Structure formats: C-alpha cells, structure tokens
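Just so you know, the protein sequences line up as chains A and Y, in that order.
Using the numbering used here, you'd call the opening residue of the first sequence number 1 and step up by one each time.
Using the numbering used here, you'd call the opening residue of the second sequence number 178 and step up by one each time.
Each residue gets a CB set at the ideal place from its N, CA and C atoms; glycine is no exception.
Quick caveat, the model's predicted, so the values are computed rather than measured.
Have a look at the structure below, then the notes.
There are 2 protein chains.
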Amino acid sequence: MNAVFIACSLDGYIADKNGSVGWLDSIEYPKDYDMGYGDFMSRMDALVMGRKSFETVCGFDVEWPYDKPVFVLSNTMVSVPEEFADEAYPVKGAIQDILDRLHKKGFKNLYIDGGKTIQSFLKEDLIDEMTITTIPILLGGGMPLFGQLDKLQMFECVNHKTYEDRIPQMKYVRKRG
Amino acid sequence: MNAVFIACSLDGYIADKNGSVGWLDSIEYPKDYDMGYGDFMSRMDALVMGRKSFETVCGFDVEWPYDKPVFVLSNTMVSVPEEFADEAYPVKGAIQDILDRLHKKGFKNLYIDGGKTIQSFLKEDLIDEMTITTIPILLGGGMPLFGQLDKLQMFECVNHKTYEDRIPQMKYVRKRG
Chain A
1 MNAVFIACSL DGYIADKNGS VGWLDSIEYP KDYDMGYGDF MSRMDALVMG
51 RKSFETVCGF DVEWPYDKPV FVLSNTMVSV PEEFADEAYP VKGAIQDILD
101 RLHKKGFKNL YIDGGKTIQS FLKEDLIDEM TITTIPILLG GGMPLFGQLD
151 KLQMFECVNH KTYEDRIPQM KYVRKRG
Chain Y
178 MNAVFIACSL DGYIADKNGS VGWLDSIEYP KDYDMGYGDF MSRMDALVMG
228 RKSFETVCGF DVEWPYDKPV FVLSNTMVSV PEEFADEAYP VKGAIQDILD
278 RLHKKGFKNL YIDGGKTIQS FLKEDLIDEM TITTIPILLG GGMPLFGQLD
328 KLQMFECVNH KTYEDRIPQM KYVRKRG
C-alpha cells in the first residue's frame with residue numbers, strides 16, 4: 001500500500017516559486033496535536049522519496065526526523081552520506097521493481113513523499129491513499145502536487161477533519177475497478 | 178463582495194482535457210439537498226461570467242437556470258441573443274470599472290463564474306470568498322480553477338462540510354492586510 005501525507009496550498013502547490021516551503025509557516029498550527037502525522041507514520045513500514053527531497057531533509061537543522069527506513073529513489077546515487085547510513089538507502093530501477101523488492105523485505109506500507117516521486121507513482125496509478133492538508137493560501141505558482149495523467153483516477157473521500165476549525169484535512173483512497 | 182461557488186477535481190480542474198464537465202457526473206450526489214447552492218444564490222444580487230461560460234449555459238438543454246441578472250464580460254459582444262435579453266446583459270471594460278457600475282446599480286454581491294473570469298478577478302485580488310466543492314477524482318489535465326498570480330493571497334477556511342460523508346466542500350474568505 002502506497003500512501004501520501006502532505007500539505008498543499010489552496011491552489012495545489014507544495015513548494016512556492018522559489019522551491020521554498022516557508023509559506024507553510026504563514027498560518028498558525030494547533031499546538032497540542034500533530035494533525036494525524038503520528039498515527040499515519042505508525043501505519044507505515046518505510047518511506048520512499050526522491051533524491052532531492054532526501055537532500056532537503058538532510059539539510060534540515062534538526063535531528064533526523066524519521067524512525068522508519070527511508071528509501072531514496074535515484075539512478076545515480078551509490079550510497080547516502082555516512083551520517084545517514086543507518087537511516088536511508090538508495091534504490092534504483094523501475095518503480096514496480098523497487099516496490100517488489102521492498103515488499104519481499106517486508107516493507108509493505110510505504111509513505112511516498114516528495115513532489116516528483118508522488119507524481120511518478122500517480123502516473124503509474126500506484127497511489128492507494130492520500131491525506132491532504134489544505135493550507136488556505138493561494139501561492140500563484142510553484143511546484144504542483146499533481147501532474148498530468150493519461151487516465152483519470154477516481155478516489156473516495158473517506159475521512160475529513162478540520163483542525164482548529166480552519167485547517168481542512170481530507171483522506172482519499174483510490175477506488176479501482 | 179465577489180464570491181465564487183464552484184466544483185473542481187482533486188487536482189484542481191473545473192473542465193477536463195476536452196473542455197467537458199461531464200466528469201462531474203462520475204460521482205453520485207445527495208438527492209435531497211442542493212449542496213448549499215440555494216443559500217448561496219439567495220445572498221447574491223447578480224452573476225458575472227465570461228462570454229464562453231455564458232454561451233455554454235445558453236446551450237444547456239434546460240430552462241434558463243438563474244433567477245438573478247447575469248452580466249456577461251465581453252469586449253466584443255454588443256447584445257445577447259434575443260431569447261436571453263431579459264436575463265443577461267453584456268458588459269465591457271476594465272473589471273474595476275464594471276464593478277463600480279454594477280455597485281452603483283445596486284448589484285453588490287456578485288457571483289463570479291467561469292474559469293477565465295475567476296482567474297481574472299483573482300489576478301486583481303478581487304475575490305472575497307470561495308466555496309469550493311472537491312470532486313474526488315484526478316483528471317490529470319484540463320482547465321485549472323487557479324492560474325498564476327504575482328502575489329500570494331491568504332484566505333481563511335470559515336466553513337467546511339462533507340456532503341453524504343464523502344463530498345468535501347470548503348468556504349474560504351480572503352484575509353486582507
């Protein structure tokens with residue numbers, strides 16, 4: 001099962017025109033809860049993200065944020081920097097082959113993160129659920145969460161919350177067949 | 178006050194790649210209520226839409242759907258087809274000038290409709306509230322609800338409903354200054 005858990009702007013961007021996510025701090029978040037992130041992560045076996053997202057996380061001035069293995073999609077990266085060697089592992093090849101290998105190792109519930117990676121998975125209709133928190137801001141441009149698709153994909157809204165009565169979060173699951 | 182009331186796909190499109198809105202019928206809607214449309218319309222004094230949207234509505238094989246005057250933005254249209262002469266009125270010029278004229282005539286609360294028109298109003302930061310119903314489908318391309326903007330715009334989510342527990346609808350109001 002491949003899942004997305006992400007915040008995006010009202011106009012569907014996950015990073016602004018400068019590639020920054022600083023605008024996420026333009027609203028105040030609830031102090032006492034994590035907006036479902038902990039529950040979501042506890043259901044996941046591992047993360048899958050692109051090289052660029054991985055390098056962004058490596059650059060954060062905080063402790064390594066994940067307690068699950070992170071698989072970094074890259075066809076050129078041979079190893080991750082030594083300090084992250086216990087946390088992250090490069091993987092290469094076609095997405096379905098990578099998934100087959102991860103499933104065999106017991107990593108079945110995967111948190112798919114990063115704009116390009118999410119779009120690649122969606123292109124192959126490999127996303128099963130998406131939890132999307134909408135930040136009520138129009139950025140007017142940037143990195144879109146969704147890209148072009150050859151075929152439409154039906155989802156179902158299975159959960160809906162509004163944190164502090166002003167931050168909507170929806171959970172959608174893919175409706176196939 | 179300029180308001181938007183619209184349905185869009187999960188990936189932010191209001192028409193598919195063929196310009197069609199047929200995909201709106203890919204989900205089942207609540208039978209007993211109008212998803213807030215009646216309440217919304219009762220607050221409005223008139224509609225403002227582009228020529229293309231107007232022509233689309235004219236082509237619908239149903240009775241004229243609006244009981245409020247419709248102002249059709251067009252710099253080339255001199256009059257509307259005779260059968261709609263009591264319903265719709267062409268207006269031309271810069272958006273702010275048109276608004277000034279409509280306000281003077283007592284049309285203060287305006288329902289702004291049609292993709293291009295909504296985007297033109299947003300470009301000039303003239304939208305005060307947006308009620309957006311999200312249809313849980315990824316279209317993968319088409320006519321986007323939102324376009325590029327020079328400056329970001331903060332909104333506030335002031336109302337949130339989920340019709341039949343599966344069709345989310347959010348109302349956002351512009352937060353200025």
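* Quick one: is A/H160 near chain Y, going by C-beta distance under 7 Å? -> yes
* Check whether the Cβ of Y/M331 lies closer than 7 Å to any Cβ atom in chain A. => At least one chain A Cβ lies under 7 Å of Y/M331.
* To do: Determine, using beta carbons only, whether A/I137 comes closer than 7 Å to chain Y.
  => Chain Y contact via Cβ: present.
* To do: Would you tell me roughly how many angstroms separate the C-alpha atoms of Y/K293 and A/K92, rounded to the nearest one?
  => 43 Å
* Of the choices Y/N179, Y/K328 and Y/L316, whose alpha-carbon is the least far from that of A/Q251? -> Coverage of chain A is limited to positions 1 through 177, which leaves residue 251 of chain A absent and any answer about it impossible.
* To do: Using a cut-off of 9 Å between C-beta atoms, extract the partners of Y/Q296 located in chain A.
  => Per Cβ cutoff of 9 Å: no residues; Y/Q296 is ~11 Å from chain A at best.
* To do: Note down, in chain order, each residue of its chain lying with its Cβ closer than 6 Å to the Cβ of A/L145, except the 5 sequence neighbours on either side.
  => Setting aside the 5 residues that flank it on each side, A/L145 is surrounded in the same chain by C8, G12 and I14, each with a C-beta closer than 6 Å to its C-beta; the list follows chain order.
* **Reference A/I135; option with closest CA among Y/M226, Y/K348 and Y/D202** => If we check each option's Cα against that of A/I135, Y/K348 comes out closest.
* Beta-carbon spacing of A/Q119, A/G142 below 7 Å -> no
* **Between the CA atoms of Y/A180 and Y/I309 - distance to the nearest angstrom** => 11 Å
* To do: Taking a Cβ distance cut-off of 9 Å, strictly less, list which residues of the stretch 197-224 of chain Y are near chain A, in chain order.
  => W200, S203 and I204
* When the cut-off is 7 Å and only beta carbons count, does Y/R351 lie next to chain A? -> no
* **Contact with chain Y by A/L126, beta-carbon distance below 7 Å** => Not one beta carbon of chain Y lies nearer than 7 Å to the beta carbon of A/L126.
* Asked: For A/E129, which of helix, strand or coil comes out of DSSP?
  -> If DSSP states are grouped into helix, strand and coil, A/E129 belongs with the strands.
* When the Cβ atoms of the stretch 49-65 of chain A are set against those of the stretch 30-38 of chain A, are three or more pairs found closer than 8 Å? -> The answer is no - the stretch 30-38 of chain A does not touch the stretch 49-65 of chain A, with fewer than three Cβ pairs under 8 Å.
* Less than 7 Å separating the beta-carbons of Y/G291 and Y/M226? -> Y/G291 is a Cβ neighbour of Y/M226, given a cutoff of 7 Å.
* To do: Starting from A/E55, follow the alpha helix (DSSP H) in both directions and report where the run begins and ends.
  => R51 to G59
* Identify the contact partners of A/K151 in chain Y, using a Cβ-Cβ distance below 8 Å as the criterion. => G317
* In the stretch 2-18 of chain A, which residues sit with their C-beta less than 8 Å from some C-beta in chain Y, listed in chain order? -> Of all residues in the stretch 2-18 of chain A, those with a C-beta nearer than 8 Å to a C-beta of chain Y are L10, D11, G12 and D16, reading in chain order.
* Could you check the C-alpha separation between Y/N252 and Y/R278 for me, to the nearest Å? => 16 Å
* Segment limits, alpha helix (DSSP H) that includes Y/I204 -> Note, Y/I204: premise wrong, no alpha helix (DSSP H); not H, not E.
* Run through DSSP, which three-state label would A/S9 get? -> Looking at A/S9 - three-state DSSP - the assignment turns out to be strand.
* To do: Tell whether a beta-carbon distance below 7 Å holds between Y/E205 and Y/W241.
  => no
* Taking buried to mean at least 16 other C-beta atoms within 10 Å of its own C-beta, is A/Q96 buried or exposed? -> A/Q96 should be labelled exposed.
* For A/E124, which of A/D150, A/N109 and A/I6 has the nearest alpha-carbon? -> A/D150
* To do: Can you pull the chain A residues whose beta carbon is under 8 Å from the beta carbon of Y/P345, in chain order?
  => Within chain A, the residues near Y/P345 are C157, H160, P168 and M170.
* Asked: Name the DSSP beta bridge partners of A/Y163, please?
  -> According to DSSP, which records beta bridges pairwise, A/Y163 is partnered with A/I167.
* To do: Determine the contact status of Y/R228 and Y/V249, defining contact as a CB-CB distance below 7 Å.
  => Yes, Cβ-Cβ distance for Y/R228 and Y/V249 is below 7 Å.
* Which bits of chain Y does A/L99 rub up against, with CB to CB less than 8 Å? -> Contact annotation for A/L99 against chain Y: no contact, minimum CB-CB distance about 20 Å [criterion: below 8 Å].
* To do: Please report how far the alpha carbon of Y/P345 lies from the alpha carbon of A/L47, in whole angstroms.
  => Each residue's alpha carbon lies about 28 Å from the other.
* Asked: Taking the runs of the beta strand (DSSP E) that are 3 residues or longer, which of them lie wholly in the stretch 43-127 of chain A?
  -> Entirely contained in the stretch 43-127 of chain A, the beta strand (DSSP E) runs reaching 3 residues are, in chain order, 46-50, 70-73, 88-91 and 110-113.
* **Neighbourhood of Y/K338 by C-beta, 6 Å cutoff - its chain only, sequence neighbours within 5 removed** => Q346
* To do: Using the DSSP secondary-structure output, state which residues sit across from Y/V350 in a beta bridge.
  => DSSP, once it has assigned bridges, lists Y/E306 and Y/E333 as partnering Y/V350.
* **Secondary structure of Y/M320, DSSP reduced to three states** => Y/M320 falls in the strand class under three-state DSSP.
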